[in-house]
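K.L.:
Below is one structure. I have some questions about it.
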Amino acid sequence: MKLKKVLAALLACAMVASFSACGGSEGETSGETATPGESGAAAGEETLDAEQYANLVLSNEPSSMDPGKSSDVYSASIMVDTLEPLVRLEDISGESVVAPAGAESWETSEDGLTWTFHLRENTWSDGVPVTAKDYEYGIKRTADPNTGSPNSFFLSPLVNADAVMAGEMSVDELGVKAIDDKTLEIKLSHPTPWFLGLTYQKAMMPVRQDLVEKYGETFGAEQESLVSCGPFKVTSWTHNSEMVLEKNESYWDKDTVKLNTIHYSILTDENAVLNSLDNNSVDQAGVIKKEWMERFNQRDDMTYVTYTQPKVQFLHFNVNDPVVGNVNIRKALSLSIDRNDFNEVIYKGVNTPAYGWIPPTVVSGTSGEYRAQVDEPLKKLAEENPDPKVLLQKGMEELGIANPADLHITMSVSGTDQWNRTFAEYLQQVWSKNLGINVEMEFYEWATFDANVHKGDYQVGTMAWTMDYNDPMGMLELLKSSSASIVTNWVNEEYDSLIDQATQEADDAKRLELYKRAEEILLYEDCVVCPNVYMNVSMYRYNYLKGVPTNTFTTYSQGMKYAYTSGR
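Residue numbers (my numbering): 19 to 586.
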């Protein structure tokens, strides 16, 4: 069988851009110099600070550090630094490059169905060698329905994956196998153009079987159950307070890693974070408040950073609920929101109003940027329904409700801080003014909110989702009925069929049409989710923090491996 060799150079610098960072005082510099030209961090050489540390902020407690069960960006930001995926998506001159990580090289068969990954020598932080069995076990465990992984949908292209996840076949029949300690073979049921984009997801991270068996349900819940095979290791985890990471001396590429310590404070209060940035105890923070932006713009020791994220803020509906299970009620709630005003009031204009599910910058194969070719479905829905009250009235009639005061709707909000309360109050006022209804609000910490949603214990929920790889499938597959990522309990056989067809369609133009029709069903016909804005990064970063990429996708796949400080 003819083989095509796939090998990329190891590049790049990194940080997870959805969080803020915490800082320290001025430090002495040493004679050591950074050579970031090799890693893509910067041009030329710079003198490193003698003490290499970063203090970052997580805006919520990670739900779990178990890659098979985690579904939030908070835990993902830690895992990308503590676990070594097969490949990493890294940044060079603003471009995303797939680079070797746990695998030093890989090859694919001519038909694109068999992928063989050759692992490098690497060691877990407790001294145990990393083997292909760790990757095989992690992947099979994700697919095992007994795990209940919200990430299992990523594995759908693998041979027998759908049957395994449905409990119809044994997990041993999944298309993944450790050939030997350093060779992992993955078989696909059909060619998948974005397959490499799946290999750096949590669904395919290595997992130690002995530790899962030792700790059981507490695996990933406490620091003592965690080991690392990535650039850093977790040395302390005080729940709802802080996490501390230290450089992993067992890591295969430890000499590239400059930071010795990363301190994550878990802070949910926006003002606390902004004050910390202002007094130089935070290195980096997201900022959207106009008065704070004006304040930071006057400083010459920090830089404003902005770029488009592949991220959507949205509401989602539990279609099993008697009230929001009505499509006209959902459409009325969605269309009554003025997204331009929403962006200005809630986000101070830093984001982009969203009338589609696929955010800008996302590319569909060789067809180019998806949003440049496909109109946003909610714009068509709004044009055909200029008065959302008409839709509300129609929905109430279908439900046998005569008085809007008798329409009981509660929105579950995934946060308890002042920003989330302001956000909720805004929507309350919008729905009261534009529809004449009162929507009650319930506020939860992320872990409780996430648990309630997965149990179906909600009517309307609020979330944001950052895409994992650069293809419309990264958003559309989230709403397939077999996916547990965004729980709406919605089942649409045509939609599922379109997603299945798109995963197997090699022709880019035909696949684009499948995507277009799926998005139309999702928003225009069934209105299962209510996108409000496409989110842009808006942050200020102290100038001494280096090696931080500003690339749409790599910010969520590189971690802090190449980060360092110079001039703190």
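Quick reminder that beta carbons are idealized off the backbone N, C-alpha and C, glycines included.
For clarity, every value in this text was computed on a predicted model and none was experimentally measured.
Just to confirm, are Lys-579 and Pro-249 a CB contact at a threshold of 7 Å?
P.N.:
Residue numbering aside, residue 579 sits at position 561 when the sequence shown is read from its first letter. Residue numbering aside, residue 249 sits at position 231 when the sequence shown is read from its first letter. Yes; because the gap between Cβ atoms is below 7 Å, this pair is in contact.
K.L.:
Mind checking Val-408: buried by the 16 CB within 10 Å criterion, or exposed?
P.N.:
Residue mapping note: residue 408 aligns to position 390 of the sequence shown, counting from 1. Val-408 counts as exposed, since fewer than 16 other C-beta atoms from the protein chains shown sit within 10 angstroms of its C-beta.
K.L.:
What residues in its chain sit with their C-beta under 6 Å from that of Ala-442, if we drop five residues either side in the sequence?
P.N.:
The count along the sequence shown starts at 1 and reaches residue 442 at position 424. So the qualifying residues of the chain are Val-431 and Met-459.
K.L.:
Using only alpha-carbon positions, find the residue among Leu-540, Arg-317, Leu-530 and Lys-265 that is nearest to Ser-511.
P.N.:
Sequence index remark: in the sequence shown, residue 511 carries index 493 (1-based). According to the sequence shown, residue 511 is Glu rather than Ser. Measuring from the Cα of Glu-511, the nearest candidate turns out to be Leu-540.
K.L.:
In the DSSP assignment, find the alpha helix (DSSP H) that holds Gln-227 and state where it starts and stops.
P.N.:
Counted from its first residue, the sequence shown places residue 227 at position 209. From DSSP, the alpha helix (DSSP H) with Gln-227 extends over 227-233.
K.L.:
What are the boundary residues of the beta strand (DSSP E) that Lys-579 is part of?
P.N.:
For the purposes of this step, residue 579 is taken as residue 561 along the sequence shown, with counting starting at 1. Counting along the chain, Lys-579 falls outside any beta strand (DSSP E), and DSSP gives it neither H nor E.
K.L.:
Take Gly-585 and list the residues in its own chain whose beta-carbon comes closer than 6 Å to its own, dropping the five residues that flank it on each side.
P.N.:
The residue labelled residue 585 in the question sits at position 567 within the sequence shown. Same-chain partners within the cutoff: Tyr-562.
K.L.:
Could you check whether Val-189 and Lys-2 sit closer than 7 Å to each other, using their CB atoms as the reference points?
P.N.:
Because the chain is modelled from 19 through 586, residue 2 falls outside the range shown and cannot be assessed.
K.L.:
Whole angstroms is fine: what's the gap from Gln-411's alpha carbon to Leu-353's?
P.N.:
Your numbering for residue 411 matches position 393 in the sequence shown. Your numbering for residue 353 matches position 335 in the sequence shown. If you take the alpha carbons of Gln-411 and Leu-353, they lie about 14 Å apart.
K.L.:
Out of Thr-521, Asp-544, Ser-500 and Asp-359, which has the shortest C-alpha to C-alpha gap to Ser-167?
P.N.:
For the purposes of this step, residue 167 is taken as the residue at position 149 of the sequence shown. For Ser-167, the nearest C-alpha among the options comes from Ser-500.
K.L.:
Give a yes or no on whether the C-beta atoms belonging to Pro-377 and Met-223 are separated by under 7 Å.
P.N.:
Walking along the sequence shown from the start, residue 377 turns up at place 359. Walking along the sequence shown from the start, residue 223 turns up at place 205. Their beta carbons are not under 7 Å apart, which means Pro-377 does not touch Met-223 by this criterion.
K.L.:
Inspect the beta-carbon positions of Val-16 and Ala-372 and report whether they are closer than 7 Å.
P.N.:
Residue 16 lies beyond the stretch modelled for the chain, which goes from 19 to 586, so this question has no answer here.
K.L.:
Taking the straight line between their C-alpha atoms, what separation do you get for Leu-74 and Ser-556?
P.N.:
Here residue 74 is taken as the residue at index 56 of the sequence shown, counted from 1. Here residue 556 is taken as the residue at index 538 of the sequence shown, counted from 1. Approximately 16 Å, taken between the alpha carbons.
K.L.:
At the level of alpha carbons, what is the spacing between Val-546 and Asp-90?
P.N.:
Looking up residue 546 in the sequence shown gives position 528. Looking up residue 90 in the sequence shown gives position 72. Roughly 21 Å separates the two Cα atoms.
K.L.:
Could you check whether Ser-95 and Ser-246 sit closer than 7 Å to each other, using their CB atoms as the reference points?
P.N.:
Mapped onto the sequence shown, residue 246 falls at position 228. Mapped onto the sequence shown, residue 95 falls at position 77. Going by C-beta atoms, Ser-246 is not nearer than 7 Å to Ser-95.
K.L.:
I'd like the span of the alpha helix (DSSP H) that includes Pro-406, first residue to last.
P.N.:
Your numbering for residue 406 matches position 388 in the sequence shown. From DSSP, the alpha helix (DSSP H) with Pro-406 extends over 406-417.
K.L.:
Count the other C-beta atoms from every protein chain shown that fall within 10 angstroms of the C-beta of Ser-588, then say buried if there are 16 or more, exposed otherwise.
P.N.:
Any answer about residue 588 is impossible in this case: the structure gives the chain only from 19 up to 586.
K.L.:
For Tyr-365 versus Tyr-558, is the C-beta spacing smaller than 7 Å?
P.N.:
To locate residue 365, count along the sequence shown from 1; it is residue 347. To locate residue 558, count along the sequence shown from 1; it is residue 540. Result no, Cβ atoms of Tyr-365 and Tyr-558 do not sit closer than 7 Å.
K.L.:
Taking Gly-185 as the reference, which of Asp-405, Gly-374, His-334 and Ser-170 has the closest Cα?
P.N.:
For the purposes of this step, residue 185 is taken as the residue at position 167 of the sequence shown. Looking at the Cα atoms, Ser-170 is the closest of the given residues.
K.L.:
Could you check the C-alpha separation between Pro-147 and Asp-544 for me, to the nearest Å?
P.N.:
Looking up residue 147 in the sequence shown gives position 129. Looking up residue 544 in the sequence shown gives position 526. The alpha-carbon atoms of Pro-147 and Asp-544 are separated by roughly 50 Å.
K.L.:
From what residue to what residue does the alpha helix (DSSP H) around Ile-96 run?
P.N.:
Working through the sequence shown from its first residue, we reach residue 96 at position 78. Where Ile-96 is concerned, the enclosing alpha helix (DSSP H) stretches over 91-100.
K.L.:
Measuring straight from C-alpha to C-alpha, what distance separates Asp-475 and Asp-468?
P.N.:
The count along the sequence shown starts at 1 and reaches residue 475 at position 457. The count along the sequence shown starts at 1 and reaches residue 468 at position 450. Each residue's alpha carbon lies about 10 Å from the other.
K.L.:
Out of curiosity, what's the CA-to-CA distance linking Thr-480 and Glu-402?
P.N.:
Counting from one through the sequence shown, the residue named residue 480 turns up at place 462. Counting from one through the sequence shown, the residue named residue 402 turns up at place 384. Distance between the alpha carbons of Thr-480 and Glu-402 is about 26 Å.
K.L.:
Taking only beta-carbon atoms, is Asp-339 less than 7 Å away from chain D?
P.N.:
Of the protein chains in the structure, only one exists, and it is not chain D.
K.L.:
Determine the closest residue to Val-368 out of Asn-346, Tyr-325, Met-97 and Tyr-71, with distance taken between C-alpha atoms.
P.N.:
For the purposes of this step, residue 368 is identified with residue 350 of the sequence shown, where counting begins at 1. With distances taken between Cα atoms, Val-368 lies closest to Tyr-325.
K.L.:
Classify Ala-221 as helix, strand or coil using the three-state DSSP reduction.
P.N.:
The residue given as residue 221 occupies position 203 in the sequence shown. Of the three classes helix, strand and coil, the one that applies to Ala-221 here is helix, per DSSP.
K.L.:
Which same chain residues, not among the five before or five after Leu-453, have their C-beta less than 8 Å away from its C-beta?
P.N.:
As a working note, residue 453 is residue 435 in the sequence shown. These residues qualify, in order along the chain: Ala-350, Leu-351, Ser-354, Pro-406, Lys-407, Leu-410 and Pro-422.
K.L.:
Can you round the beta-carbon distance between Asn-507 and Asn-338 to whole angstroms, since I take them to be within the 8 Å contact cut?
P.N.:
By 1-based counting over the sequence shown, the position of residue 507 is 489. By 1-based counting over the sequence shown, the position of residue 338 is 320. Indeed, because the Cβ distance is near 4 Å, the residues count as touching under 8 Å.
K.L.:
What residues match up with Phe-332 in a beta bridge as DSSP calls it?
P.N.:
Sequence index remark: in the sequence shown, residue 332 carries index 314 (1-based). Beta-bridge analysis with DSSP links Phe-332 to Met-481 and Pro-549.
K.L.:
Does DSSP classify Asp-273 as helix, strand or coil?
P.N.:
For the purposes of this step, residue 273 is taken as residue 255 along the sequence shown, with counting starting at 1. When DSSP states are grouped into helix, strand and coil, Asp-273 belongs to the helix group.
K.L.:
Could you tell me the alpha carbon to alpha carbon distance between Lys-195 and Glu-122, rounded to whole angstroms?
P.N.:
The residue you call residue 195 lines up with position 177 of the sequence shown. The residue you call residue 122 lines up with position 104 of the sequence shown. Approximately 18 Å between the Cα atoms of the pair.
K.L.:
Would DSSP call Trp-310 helix, strand or coil?
P.N.:
To locate residue 310, count along the sequence shown from 1; it is residue 292. In this structure, Trp-310 counts as helix in the three-state DSSP scheme.
K.L.:
Below 8 Å on the Cβ atoms is my contact criterion, and I expect Tyr-560 with Met-320 to pass it. Report the Cβ-Cβ distance as a whole number of Å.
P.N.:
As a working note, residue 560 is residue 542 in the sequence shown. As a working note, residue 320 is residue 302 in the sequence shown. Yes, Tyr-560 and Met-320 are in contact; Cβ-Cβ is about 5 Å, under 8 Å.
K.L.:
Measuring CB atoms only, is the region 476-496 touching the region 198-216, in the sense that at least three cross pairs come out at less than 8 Å?
P.N.:
yes
K.L.:
What number of angstroms, rounded off, separates the C-alpha of Gly-234 from the C-alpha of Asn-266?
P.N.:
For the purposes of this step, residue 234 is taken as residue 216 along the sequence shown, with counting starting at 1. For the purposes of this step, residue 266 is taken as residue 248 along the sequence shown, with counting starting at 1. Their backbone Cα atoms lie some 25 Å apart in a straight line.
K.L.:
In three-state terms, what does DSSP make of Gln-391?
P.N.:
For the purposes of this step, residue 391 is taken as the residue at position 373 of the sequence shown. Three-state result, Gln-391: coil.
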